[in-house]
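What follows is a single structure, written as structure tokens, with notes after it.
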Amino acid sequence: MLNMQQITQQLQSNIGNVLTVEGLKKAAKEAARLANQLLPGATGTEKAAAAEAWLLAAVEEYDNKIPVLGQFMDLPLIDRLEAAAVRAAVAWGYSALELDAA
21 MLNMQQITQQ LQSNIGNVLT VEGLKKAAKE AARLANQLLP GATGTEKAAA
71 AEAWLLAAVE EYDNKIPVLG QFMDLPLIDR LEAAAVRAAV AWGYSALELD
121 AA
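Okay, so the sequence shown: first residue is 21 according to the numbering used here, each after it adds one.
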């Protein structure tokens, strides 16, 4: 089983060097796939929560890439907006997996 650091690195490799919408979507789909694979006995809600936590950890790594922005990216409002974007991205990721399986 992968640990949190390995999962975060795998998701960041899907995002790439710069955080873009396409990279976030690709990583969200991978987070959903990993949750399904690594948490076979978990409920859908538990899998989604894990995927969100993993993806949020990966996204937050980008906050510190530019020190001037990093101080603003750690504000509580920005953290809530990031979390909302990640939740939406993971929901999209699960939808994309369902479409792929159809």
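We treat Cβ as the ideally placed atom computed from N, Cα and C, and that holds for glycine.
Given a length threshold of 4 residues, each whole run of the alpha helix (DSSP H) inside the stretch 23 to 105 is given here in chain order: 24 to 35, 41 to 58, 64 to 80, 87 to 93.
Scanning its chain for C-beta atoms nearer than 6 angstroms, with the 5 sequence neighbours on each side dropped, one finds around alanine 55 the residues Lys67, Ala70, Ala71, in chain order. With a 10 Å radius around the Cβ and a threshold of 16 neighbouring Cβ atoms, threonine 28 comes out buried.
In terms of Cβ geometry, alanine 47 and leucine 31 form a close pair [threshold 8 angstroms].
Under the three-state reduction of DSSP, alanine 108 is assigned to helix.
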